[in-house]
Amino acid sequence: MNLFRLDASIRTEGSASRALADTAEQAWLAQHPGGVVTRRDLGVQPLPGDAWTALAGAVVNPSVPAPDEARELLDRLGAELLDADAFLFAVPMYNWNVPAQVKTWLDLILNHPRLGVHGDWPLKGKPAILTLSRGGGYGPGSPKEGWDHATPYLRRILADVFGLDLHIAEAELTHAFWEHGVAARAGRRVDEDGARAGRRARPAGRPADHGLTPRGLSRTSWARRARPPARPVPPAPAPAPAGPPSPSCGSRW
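Our numbering numbers the first residue of the sequence shown as 7 and each following residue consecutively.
Have a look at this one:
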């Protein structure tokens with residue numbers, strides 16, 4: 007079994023998206039002893055932007071073929087995905103969208119003859135988790151509701167274009183611990199533990215039995231806290247035994 011892991015944070019330490027992905031990777035390895043993890047770290051080694059320009063230019067102008075380096079890069083990127091049985095994408099939100107290095111990677115992959123929009127869906131149905139971190143709050147009712155353009159875009163590409171069985175584990179308000187105004191602007195109350203983590207984990211579709219499930223993340227310190235059990239409702243007192251109606255009641259009913 008082969009797990010493909012993509013990291014994109016420019017932070018190699020203290021990254022929420024990497025921390026979530028670490029836990030998902032450990033859960034997958036626990037269920038697949040001897041499994042192999044193929045890694046590509048775009049935060050540390052971003053791809054050259056001119057590779058996509060050359061490949062896309064060759065499509066619109068076949069008289070100017072792309073250089074061998076660009077085609078070889080595309081073949082390597084495609085092989086990493088085609089050889090994988092499961093996928094783990096660790097992506098932070100930068101400037102309300104995906105990081106530039108992720109967009110470059112996706113643009114290159116979409117040029118692949120099998121993985122692009124005109125391909126044969128070789129990844130369809132394979133399990134994948136997206137661990138996505140956001141510094142602020144963008145949920146329903148927050149002041150910046152609708153500003154998160156990363157999550158819907160990645161869901162569209164990974165689930166709809168690639169056909170992956172995608173689940174999303176989210177870390178939100180990751181800046182709240184050191185920037186207390188973030189929580190207030192999000193319109194939420196965040197305690198110290200929640201501010202350190204800001205973590206939520208929820209599925210983005212039907213769970214799949216592949217070891218990369220939000221349930222695997224729910225046992226971690228950044229998973230959404232379980233709600234306290236509801237207080238039991240005491241039973242209603244038994245009604246008093248009915249007696250013979252009085253003459254005054256009979257006229258009222």
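Built from N, CA and C at the ideal position, the CB exists for glycine as well. Keep in mind that this is a model prediction, so the values were computed, not measured.
Classification of residue i by the beta-carbon crowding that lies within 10 angstroms, buried from 16 upward
i: ARG17; result: exposed
i: VAL104; result: buried
i: ASN117; result: buried
i: LYS132; result: buried
i: HIS124; result: exposed
i: ARG11; result: buried
i: GLY142; result: buried
i: GLU31; result: buried
i: ALA24; result: According to the sequence shown, residue 24 is Arg rather than Ala. ARG24 comes out buried.
i: SER21; result: buried
i: PRO98; result: buried
Residue i versus the options, residue with shortest Cα-Cα distance
i: ILE174; options: LEU136, HIS181, LEU164 and THR180; result: LEU136
i: GLN107; options: LEU170, ALA22 and PRO54; result: PRO54
i: ALA60; options: SER23, ALA72, ASN67 and TRP111; result: ALA72
i: TRP153; options: ASP74, ILE163, ALA22 and ARG140; result: ARG140
i: MET7; options: GLY143, ALA92 and ALA27; result: ALA92
i: PHE168; options: MET99, ALA22, TYR100 and LEU87; result: LEU87
i: GLY122; options: ALA57, LEU164, THR180 and ARG11; result: LEU164
i: GLU78; options: HIS181, VAL66, SER69 and TRP58; result: TRP58
i: ASP56; options: GLY20, VAL50, ASP113 and ASN67; result: ASP113
i: LEU129; options: PRO39, LEU170, VAL65 and ASN67; result: LEU170
i: ASP89; options: GLY41, ALA76 and ASN67; result: GLY41
i: ALA27; options: GLY145, TYR144, LEU160 and ALA134; result: ALA134
Integer Cβ distance of residue i from residue j, believed to fall under 8 Å
i: ALA96; j: ALA14; result: 6 Å
i: LEU94; j: LEU9; result: 6 Å
i: HIS155; j: TRP102; result: 5 Å
i: THR157; j: LEU179; result: No, THR157 and LEU179 are not in contact; Cβ-Cβ is about 15 Å, not under 8 Å.
Margin query: Whether or not the segment 26 to 35 and the segment 146 to 156 are in contact is what I'm after, with contact meaning three or more pairs of Cβ atoms, one per stretch, closer than 8 Å; do they touch?
Written below: no
Next item on the list: Ignoring anything shorter than 3 residues or poking outside the segment 20 to 83, list the beta strand (DSSP E) runs there in chain order.
Entry: Listed in chain order, they are 42 to 47.
Checklist line | Residue ranges of each alpha helix (DSSP H) within the segment 81 to 119, 4 or longer | finding: 106 to 115
Next item on the list: Evaluate the contact criterion for the segment 78 to 92 versus the segment 37 to 48: three or more CB pairs, one atom per stretch, below 8 Å.
Entry: yes
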